[in-house]
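Protein chains in written order, with the working numbering: chain Y, 5 to 312; chain D, 5 to 312. A short write-up of the structure that comes next.
Protein chains: 2
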Amino acid sequence: MSPIRVGLVGIGEIARVQHIPTLAADGDFRLTAMASRSKPAVPDGVALFATQGEMIASGLVDAVAICTPPQVRYGFARDALLAGMHVLMEKPPAQTVAEVDDLARLAGTVGRTLFATWHSMHSAAVVPARRILAERGAVAMRILWREDVHKFHPGVDWFWQPGGMGVFDPGVNALSIVVGCLPEPIFVREARFRVMPGAHTPITAALELATPTHGSGYSALFDWDHKGEETWSIDWTLSDGGLLSLGGGGRSLALDGRTVVDAPDREYPGLYRRFAELVRDGASDAETRPLQLAADAFSLARIERVPG
Amino acid sequence: MSPIRVGLVGIGEIARVQHIPTLAADGDFRLTAMASRSKPAVPDGVALFATQGEMIASGLVDAVAICTPPQVRYGFARDALLAGMHVLMEKPPAQTVAEVDDLARLAGTVGRTLFATWHSMHSAAVVPARRILAERGAVAMRILWREDVHKFHPGVDWFWQPGGMGVFDPGVNALSIVVGCLPEPIFVREARFRVMPGAHTPITAALELATPTHGSGYSALFDWDHKGEETWSIDWTLSDGGLLSLGGGGRSLALDGRTVVDAPDREYPGLYRRFAELVRDGASDAETRPLQLAADAFSLARIERVPG
Numbered sequence: 005m006s007p008i009r010v011g012l013v014g015i016g017e018i019a020r021v022q023h024i025p026t027l028a029a030d031g032d033f034r035l036t037a038m039a040s041r042s043k044p045a046v047p048d049g050v051a052l053f054a055t056q057g058e059m060i061a062s063g064l065v066d067a068v069a070i071c072t073p074p075q076v077r078y079g080f081a082r083d084a085l086l087a088g089m090h091v092l093m094e095k096p097p098a099q100t101v102a103e104v105d106d107l108a109r110l111a112g113t114v115g116r117t118l119f120a121t122w123h124s125m126h127s128a129a130v131v132p133a134r135r136i137l138a139e140r141g142a143v144a145m146r147i148l149w150r151e152d153v154h155k156f157h158p159g160v161d162w163f164w165q166p167g168g169m170g171v172f173d174p175g176v177n178a179l180s181i182v183v184g185c186l187p188e189p190i191f192v193r194e195a196r197f198r199v200m201p202g203a204h205t206p207i208t209a210a211l212e213l214a215t216p217t218h219g220s221g222y223s224a225l226f227d228w229d230h231k232g233e234e235t236w237s238i239d240w241t242l243s244d245g246g247l248l249s250l251g252g253g254g255r256s257l258a259l260d261g262r263t264v265v266d267a268p269d270r271e272y273p274g275l276y277r278r279f280a281e282l283v284r285d286g287a288s289d290a291e292t293r294p295l296q297l298a299a300d301a302f303s304l305a306r307i308e309r310v311p312g
Numbered sequence: 005m006s007p008i009r010v011g012l013v014g015i016g017e018i019a020r021v022q023h024i025p026t027l028a029a030d031g032d033f034r035l036t037a038m039a040s041r042s043k044p045a046v047p048d049g050v051a052l053f054a055t056q057g058e059m060i061a062s063g064l065v066d067a068v069a070i071c072t073p074p075q076v077r078y079g080f081a082r083d084a085l086l087a088g089m090h091v092l093m094e095k096p097p098a099q100t101v102a103e104v105d106d107l108a109r110l111a112g113t114v115g116r117t118l119f120a121t122w123h124s125m126h127s128a129a130v131v132p133a134r135r136i137l138a139e140r141g142a143v144a145m146r147i148l149w150r151e152d153v154h155k156f157h158p159g160v161d162w163f164w165q166p167g168g169m170g171v172f173d174p175g176v177n178a179l180s181i182v183v184g185c186l187p188e189p190i191f192v193r194e195a196r197f198r199v200m201p202g203a204h205t206p207i208t209a210a211l212e213l214a215t216p217t218h219g220s221g222y223s224a225l226f227d228w229d230h231k232g233e234e235t236w237s238i239d240w241t242l243s244d245g246g247l248l249s250l251g252g253g254g255r256s257l258a259l260d261g262r263t264v265v266d267a268p269d270r271e272y273p274g275l276y277r278r279f280a281e282l283v284r285d286g287a288s289d290a291e292t293r294p295l296q297l298a299a300d301a302f303s304l305a306r307i308e309r310v311p312g
């Protein structure tokens, strides 16, 4: 099979750091074009277009990978599917769950692949954690996801606009891991948000979560205002009293203090493996549960505004 | 077939004004029991229990109709399904979409009917409006839903707590009509909320909506702070320039100024007809789109706080 020719749309940090090098190393894909309103550096042999429409019209691409801010992803994805492209979307796939559901319907109608990606679901710890949780059950879960937004995203401000999700931008990574690991569905029961002056989205969020069989003991703290070392951890207390600890955002996993996984980040290679399989199988994967949980949290939030 | 014996859970205004008289007039059902922590007036021949659990254990009911505030509906519905009951839920069916999805899975597993009701979907205007919109298309839509919360719900305060939805409590009625009428899916693109001192949920909400083929021209205003006459209207500008106007929350419909529907309120009789069909067919109806749109609006909201 000849490589799937990919065009990137929206050339920011995630495109540069993850998509471009991953595509360069994956024989099932070839990065042939990019669309950006700015004038980004372009790898040798890659064509640059001002718009997605011109890029698709060039005939150089079979698929687009949409790396714009989430507020405009729906329109790009819809246009691309209608033009016959397979579509891969960065997380979160759109502003709202209703938009993703419509894209999934459209992908089925036009017979193209839609892949709403959640990169943390491809972290090394997810599959072994899922197996252990299915075998031993969990009576409690504590998500702790904290980092300094100014260190990781200096000068970026779309996070604070409606639809930008604030601290749920990293927080949905944790929620996607949980969706990928837990043998039961999970719900938001309570949410407390802290919102900075001028922002529309929270910088910290504390969630009380539940499953059908555990009404309490499951919680999450997302903190984007954290000045020390980053923490991206999930700790489960297992039904038999054991402790399962995921760290490094999914790069490590320990069971009762013994290392189960300690691996370099291979999320994006795994993500593009999955995209290749979906295209080959004529299938789509439009997972919305992490975005659903975020929207549910907003709908239940008690909001504390930090005085301006 | 002998009547389905129904137990009501949560005896507030909606149970008294709608469920009790509707059940009394419907030969397919018999109201046999009620569960309430208060001591409500009870119709002749109806048993009163302090809890749903005692009511179910009495063996007097085949189905429960859950009319509590939405924050606690999930737990009641889950317990009832696990105890072998069919379950009808007032709108909105739960705090979050994730909870409703889980109840739908559970209903399938236990082989009982779950009916997440949206009473306005049974209003007289919905079916004819759906037919006209499918035939003639709509280029614009304006929802105007305004009333005085203090007139209709004096002294009720769970609306203002997280999960109580504020003005979306009536607003989801409009959204449910739109979901039932429109030939296309609909999304929230922007939302502006006004929140009163001490409240966690909005008293007014202005929404910019869109469909896959109409990026603008669709909007909604929900206003619970309105002192004049109530308005529960939806106006569509049809593709051929015609005007379709729904009024009275779905009791009337006019096309180009001519009356199509002008009928008394028969929403709850229609709703219980549907419940009888679902139970007879061994099916469920767990519609979540109106709640999804509300959650999506919360996740996109620009919030203006009224100073305290």
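Where a beta carbon is used, it is the ideal one built from N, C-alpha and C, also for glycine.
- Not one beta carbon of chain Y lies nearer than 7 Å to the beta carbon of residue 259/D.
- Per the C-alpha coordinates, the member of 293/Y, 126/Y, 309/Y and 192/Y positioned closest to residue 268/Y is 126/Y.
- In the three-state DSSP reduction, residue 14/D falls in the coil class, being neither helix nor strand.
- Relative to the Cα of residue 68/D, the nearest Cα in the group 253/D, 47/D, 23/D and 101/D belongs to 23/D.
- About 7 Å separates the Cβ atoms of residue 30/Y and residue 273/Y, confirming a contact at the 8 Å cut-off.
- Below 8 Å, too few C-beta pairs join the region 42-60 of chain Y and the region 134-147 of chain Y to call them touching: fewer than three.
- Counting of Cβ neighbours within 10 angstroms places residue 176/Y among the buried residues, the total reaching 16 or more.
- Of 187/D, 223/D and 174/D, the smallest CA-CA separation from residue 206/D is found for 174/D.
- Under a criterion of Cβ atoms nearer than 7 Å, the residues of chain Y adjacent to residue 99/D are, in order, 304.
- Going by beta carbons, residue 144/Y and residue 221/Y fall inside the 7 Å limit.
- For the options 254/Y, 265/Y and 59/Y, the alpha carbon positioned closest to that of residue 35/Y is the one of 59/Y.
- Less than 7 Å separates the beta-carbon of residue 101/Y from that of residue 296/Y.
- Contact annotation, residue 121/Y with residue 275/Y: C-beta distance approximately 5 Å; criterion of less than 8 Å satisfied.
- For residue 264/D, none of the residues of chain Y pass the 7 Å Cβ criterion, the least Cβ distance being about 29 Å.
- The contact set of residue 297/Y on chain D, defined by CB atoms closer than 9 Å, consists of 100 and 102 in chain order.
- Ranked by how close their Cα comes to the Cα of residue 194/Y, the residues 224/Y, 257/Y and 25/Y have 224/Y in first place.
- At a C-beta separation below 8 Å, residue 106/D has these neighbours in chain Y: 189, 191 and 216.
- Fewer than three beta-carbon pairs drawn from the region 209-218 of chain D and the region 230-242 of chain D are found closer than 8 Å, and the two stretches are therefore not classed as touching.
- Looking at 75/Y, 262/Y, 94/Y and 308/Y, the one whose alpha-carbon comes closest to that of residue 290/Y is 94/Y.
- Put simply, the region 151-159 of chain D does not touch the region 178-194 of chain D. Fewer than three CB pairs are less than 8 Å apart.
- Using a Cβ-Cβ cut-off of 8 Å, residue 167/D is close to 303 and 304 of chain Y, given in chain order.
- Scanning its chain for C-beta atoms nearer than 8 Å, with the 5 sequence neighbours on each side dropped, one finds around residue 112/Y the residues 288, in chain order.
- By a beta-carbon distance limit of 8 Å, residue 170/D contacts residue 203/D. Their separation comes to about 7 Å.
- Each of 37/D, 257/D and 119/D was checked against the Cα of residue 64/D, and the nearest Cα belongs to 37/D.
- With the criterion set as a beta carbon lying under 9 Å from some beta carbon of chain Y, the region 126-158 of chain D has no members that meet it.
- At a cut-off of 7 Å between beta carbons, residue 300/D contacts chain Y.
- Taking the C-beta atoms as reference points, residue 92/Y is found no nearer than 7 Å to residue 114/Y.
- Listed in chain order, the non-local C-beta contacts of residue 279/D below 6 Å within the same chain comprise 92 and 119, local neighbours out to five positions each way being set aside.
- Spatial neighbours of residue 309/Y in its own chain (CB-CB distance under 6 Å, excluding positions within 5 residues in sequence) are listed in chain order as 199.
- For residue 27/Y, DSSP records no beta bridge to any residue.
- Counted as a single uninterrupted DSSP element, the beta strand (DSSP E) harbouring residue 198/Y occupies residues 191-199.
- For residue 157/Y, no pairing in a beta bridge is given by DSSP.
- For residue 259/D, the closest alpha carbon among the candidates 162/D, 248/D and 266/D is that of 248/D.
- Taking the beta carbon of residue 82/Y as reference, the chain D residues within 7 Å of it are 216, listed in sequence order.
- When the Cα atoms are used, residue 18/D and residue 62/D turn out to be separated by approximately 24 Å.
- Short of 6 Å from the beta carbon of residue 168/Y, and not among the five residues preceding or following it, lie these beta carbons of its own chain, in chain order: 162 and 205.
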